[in-house]
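In mature numbering (1 follows the signal peptide of the UniProt record, and there is no 0), the protein residues as written are -26 to -1, 1 to 322. All C-beta atoms, glycine included, are put in the ideal place defined by N, C-alpha and C. Since we're looking at a predicted model, the values are computed, not measured.
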Amino acid sequence: MSKGRRTTRASVAVAAAAVVALSACAAPEDAAGPGQDEGDAETTFLQLATGSTGGTYYPLGGEIAQLWTSNVEGIQVDTLATGASVQNMRALEGETEDAEAGQIDQSELVMAVNGVAMQAQASTGPFEEEPLANPDDILALGNIYPEVMQVVVSADSDIESIADLEGADVEIGPPGSGTEVAARQILEAYGVDPDEDINAFDSTFGDAATALGDGQVDAAFGILSVPAAGIVEVGASNEVRLLPIDGEEAEGLIEADPSYSPLTIPGGTYNGQDDDVVTLTQWATLYTTSALEEDLAYDLVRVMYENSGDIAHDVGSQVQLDTAVDGLGSMELHPGAERFYQEEGILD
């Protein structure tokens, strides 16, 4: 089936947000580079690439950036709305293109799903044909919160499993997002070809949730926090259900990609979801490169975890030091972050 595309005012908002963020990130000529003071520069300007305005990354990233700007002397961190994980990995190396925001500049800091970062490092998945120039230079700063795959349908839908999505209208996430990458893996694990067996749409989750509530699509994939604001909003007027991702298919996914692990979403989390649902989770993680100065990396990590209680977003309570290095797999830590974790007893 052909792949659909839905253009909405929200897409325009993403583009506008990107323009504003880029303007804010344009440092004066004497401003320092990533984490290094030069000449008379008083402020180091950093850019944090996040995700779509309808997801978790963008608002959460804004709060973290404000924590850094307020608590780390001599820096200003601005956020940028993007297509999320895949694009953000590319933004670490230089200019990249986004379907909605257009061209964006290099970002010194990015948020991404840990599984996508591992693919970028290994030049697999979406990076197989267009690998990064220096994939081994990607360094982790620390985990933010669990990224939970949630596949949502209307409570009265006759779709009971991922396999039942064959022939359906399905939102699988923006091109290059962690949601799209995982959605394709999951669909294929259940024998559903995402390019042939469904009519796939690539909206941001905010638009996808609206489309689901309006009956324009049958299901929507989203790698989101729990509870996810978009699902709660749809559930307020339309009862919803989550499709399980378990059994042999889930076991095969975990074996092929160790960044996945099982997670149970309790019944009652959403209006219409009465029973516990087993699904898969990864981690939303902060990444940078070796260009970020060690002491600055140390301060960024320290401030984020020490001040996580000041994050008002629903997932603020999930920004925890004791899970900061879970699921990193083959990804190496930035030396500044590693030093902080050693001092805190998280690492030997």
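DSSP has residue i in a bridge; who is on the other side?
{"i": "Tyr119", "result": "Ala258"}
{"i": "Arg215", "result": "Val127"}
{"i": "Leu20", "result": "Val51"}
{"i": "Thr253", "result": "Leu237"}
{"i": "Ile112", "result": "Thr263"}
On a Cα-Cα basis, can you pick out the residue from the options that is closest to residue i?
{"i": "Pro148", "options": "Gly116, Ala224 and Ala194", "result": "Ala194"}
{"i": "Pro33", "options": "Phe19, Met85 and Glu67", "result": "Met85"}
{"i": "Ala298", "options": "Gln316, Asp288, Ile285 and His287", "result": "Gln316"}
{"i": "Ala94", "options": "Asn245, Gly68, Leu115 and Met63", "result": "Met63"}
{"i": "Leu83", "options": "Phe19, Thr30 and Ala23", "result": "Ala23"}
{"i": "Gly310", "options": "Tyr244, Ala58, Gln40 and Thr263", "result": "Thr263"}
{"i": "Thr18", "options": "Ala286, Met305 and Glu267", "result": "Glu267"}
{"i": "Ala107", "options": "Leu227, Ala96 and Asp169", "result": "Ala96"}
{"i": "Asp248", "options": "Glu102, Gly152 and Ser128", "result": "Ser128"}
{"i": "Glu213", "options": "Asp130, Pro240 and Ser26", "result": "Asp130"}
{"i": "Met123", "options": "Gly246, Gln50 and Leu237", "result": "Leu237"}
{"i": "Thr27", "options": "Gly246, Phe179, Val206 and Val277", "result": "Phe179"}
{"i": "Ile228", "options": "Gln159, Ala265, Val206 and Ala185", "result": "Gln159"}
{"i": "Ser211", "options": "Thr98, Ser233, Ile285 and Gly246", "result": "Gly246"}
{"i": "Ile205", "options": "Gly242, Glu222 and Gln50", "result": "Gly242"}
{"i": "Ser233", "options": "Gly303, Val191 and Glu102", "result": "Gly303"}
{"i": "Val166", "options": "Val191, Glu140 and Ile38", "result": "Glu140"}
{"i": "Val216", "options": "Val125, Glu103 and Val51", "result": "Per the sequence presented here, residue 216 reads as Leu, with Val not at that position. The shortest Cα separation from Leu216 among Val125, Glu103 and Val51 belongs to Val125."}
{"i": "Ile133", "options": "Asp192, Glu103, Glu37 and Asp110", "result": "Asp192"}
What are the start and end residues of the alpha helix (DSSP H) that includes residue i?
{"i": "Ser59", "result": "Ser59 to Ala65"}
{"i": "Leu274", "result": "Glu268 to Glu280"}
{"i": "Met85", "result": "Segment Leu83 to Val87 is the beta strand (DSSP E) holding Met85; no alpha helix (DSSP H) there."}
{"i": "Asn45", "result": "Tyr31 to Asn45"}
{"i": "Ala182", "result": "Phe179 to Gly187"}
{"i": "Gly230", "result": "Before going further, note that residue 230 is Ala rather than Gly in the sequence given. Run containing Ala230: Gly221 to Ala230, per the alpha helix (DSSP H) assignment."}
{"i": "Phe314", "result": "Pro309 to Glu317"}
{"i": "Leu161", "result": "Gly152 to Ala163"}
{"i": "Glu207", "result": "Ala203 to Gly209"}
When we look at the beta-carbon of residue i and count the other beta-carbons within 10 Å, is it buried (16 or more) or exposed?
{"i": "Ala(-6)", "result": "At Ala(-6) the pLDDT is 40, less than 50, meaning the model places this residue with poor confidence and gives no usable figure here."}
{"i": "Ala271", "result": "buried"}
{"i": "Glu312", "result": "buried"}
{"i": "Glu145", "result": "buried"}
{"i": "Ser(-4)", "result": "With a pLDDT of only 37 at Ser(-4), under 50, the local geometry of the prediction cannot be trusted, and the value read off the model is given with reservation. Classification for Ser(-4): exposed."}
{"i": "Gln294", "result": "exposed"}
{"i": "Gly187", "result": "buried"}
{"i": "Pro168", "result": "buried"}
{"i": "Pro240", "result": "exposed"}
{"i": "Gly150", "result": "buried"}
{"i": "Glu223", "result": "buried"}
{"i": "Gly89", "result": "buried"}
Starting from residue i, follow the beta strand (DSSP E) in both directions and report where the run begins and ends.
{"i": "Glu145", "result": "Asp143 to Glu145"}
{"i": "Leu198", "result": "Ala193 to Leu198"}
{"i": "Thr53", "result": "Ile49 to Leu54"}
{"i": "Ala298", "result": "It is not in any beta strand (DSSP E) - Ala298 carries neither H nor E in the DSSP assignment."}
{"i": "Ala174", "result": "Asn173 to Phe175"}
So, under 8 Å CB-CB, residue i and residue j are touching, yes? Tell me the CB distance rounded to an integer number of Å.
{"i": "Asp288", "j": "Ala203", "result": "7 Å"}
{"i": "Ser81", "j": "Gln21", "result": "4 Å"}
{"i": "Pro218", "j": "Thr253", "result": "7 Å"}
{"i": "Thr30", "j": "Ser199", "result": "5 Å"}
{"i": "Met305", "j": "Ala91", "result": "6 Å"}
{"i": "Val46", "j": "Asp273", "result": "5 Å"}
{"i": "Thr255", "j": "Glu162", "result": "That belief does not hold up - the Cβ atoms of Thr255 and Glu162 are roughly 19 Å apart, past 8 Å."}
{"i": "Gly196", "j": "Thr153", "result": "6 Å"}
{"i": "Gly209", "j": "Tyr244", "result": "5 Å"}
{"i": "Ile172", "j": "Ala142", "result": "6 Å"}
{"i": "Gly36", "j": "Thr53", "result": "5 Å"}
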